[in-house]
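Accompanying notes for the structure given below.
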Amino acid sequence: ALVLFLATLSCNNESAEKKDTTTKKISKNIKSYPDFNEDSAYSFINTQVNFGSRVISSAGWEKCGLWIEKKLLQYTDDVTLQRSPITTYDGKNHTLKNIIASFSPKKNNRIALFAHWDSRHIADQDTKNKTSPILGANDGGSGVGVLIELARLFKKNRGNNIIIGFVPTMGLSLIHISE
């Protein structure tokens, strides 16, 4: 019985050594990347909320758009603005603005990440203020905060093939489409 017990221990130790060797080989191939900083992302959300409601063409929308542009230029030289005139369902004329940051733009097989940077013109999901604009921390602000934090990380990790875009989707939902 003692011989059988020692043989069993011997087998177990051998397989444990193999597991350690395999783990060591895998860990040598893992690349390290900068850590996502949730406090940084949160501060980017807070900055947007401090602009107030970011309804298309509002003062908060204008200020936030300029802030996003300047922030992205800290992380990449390749920031593109796209503007397009629109008429909303209420007959008002506006200019949509997309803000696009590229990292390693000459690379093929790109990855695109998008968020909308405006906020809703009415709080239709609210129980009290259904007709008031919202600040949009969770609706627009959080997506932008995360993508700007990712842009900060992409600057540290040169050579990736990422496109980050910010589009005013609420502006798109306000467009009047004539049939």
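Using my numbering, count along the sequence shown one by one with no gaps and you end on 298. Where is the CB? At the ideal position from N, CA and C, for every residue including glycine. Owing to the predicted nature of the structure, the values given are computational and were not obtained by experimental measurement.
Problem set entry | Whole alpha helix (DSSP H) elements within the stretch 170–217, 4-residue minimum | Here the runs fully enclosed are 178–192.
Problem set entry | Cβ contact (3+ pairs, closer than 8 Å) linking the stretch 261–270 and the stretch 228–242 | As far as the Cβ criterion goes, the stretch 261–270 touches the stretch 228–242, which means the pair count is three or higher.
Exercise. Quick one, which of Arg239, Leu200 and Pro224 has its alpha-carbon nearest leucine 215's?
Worked result: Ranking the options by Cα distance to leucine 215, first place goes to Leu200.
For this session: Could you tell me the distance, in whole angstroms, from the CA atom of lysine 275 to the CA atom of serine 221?
Result: Take the alpha-carbon of lysine 275 and the one of serine 221: they are about 14 Å apart.
For this session: Select from Ile164, Asn217 and Leu192 the residue whose C-alpha is nearest the C-alpha of serine 203.
Result: Per the C-alpha coordinates, the member of Ile164, Asn217 and Leu192 positioned closest to serine 203 is Asn217.
For this session: Keeping to the same chain, check which residues put their C-beta closer than 6 Å to that of isoleucine 219; ignore five residues upstream and five downstream.
Result: Apart from the 5 residues on each side of it in sequence, isoleucine 219 sits with its Cβ closer than 6 Å to the Cβ of Thr199 and Gly284 in its chain, given in chain order.
Exercise. Tell me, which residues are paired with phenylalanine 233 by DSSP?
Worked result: The partner list for phenylalanine 233 (beta bridge, DSSP) reads Gly284.
Exercise. Which partner residues does alanine 220 have in the DSSP bridge list?
Worked result: Looking at the DSSP assignment, alanine 220 forms a beta bridge with Val198 and Ile283.
Problem set entry | Residue burial classification, phenylalanine 155 (beta-carbon count within 10 angstroms, cutoff 16) | By the neighbour-count definition (other C-beta atoms within 10 Å, threshold 16), phenylalanine 155 is an exposed residue.
Exercise. Within 10 angstroms of its Cβ, does glutamate 157 collect 16 or more other Cβ (buried), or is it exposed?
Worked result: By the 10 Å Cβ count, glutamate 157 comes out exposed.
For this session: Name the two residues that bound the continuous alpha helix (DSSP H) containing arginine 271.
Result: 261–275 is the span of the alpha helix (DSSP H), which, as asked, contains arginine 271.
For this session: Take the Cβ of isoleucine 253 as the centre, count every other Cβ of all protein chains shown within 10 Å, and call the residue buried at 16 or more, exposed below.
Result: Burial call: buried.
For this session: Keeping to the same chain, check which residues put their C-beta closer than 8 Å to that of asparagine 212; ignore five residues upstream and five downstream.
Result: Once the five neighbours on either side are set aside, the close Cβ partners of asparagine 212 are Pro204, Ile205 and Thr206.
For this session: Give the secondary structure of glutamine 244 by DSSP, where H, G and I count as helix, E and B as strand, and everything else as coil.
Result: In the three-state reduction of the DSSP assignment, glutamine 244 falls in the coil class, being assigned neither a helical nor a strand state.
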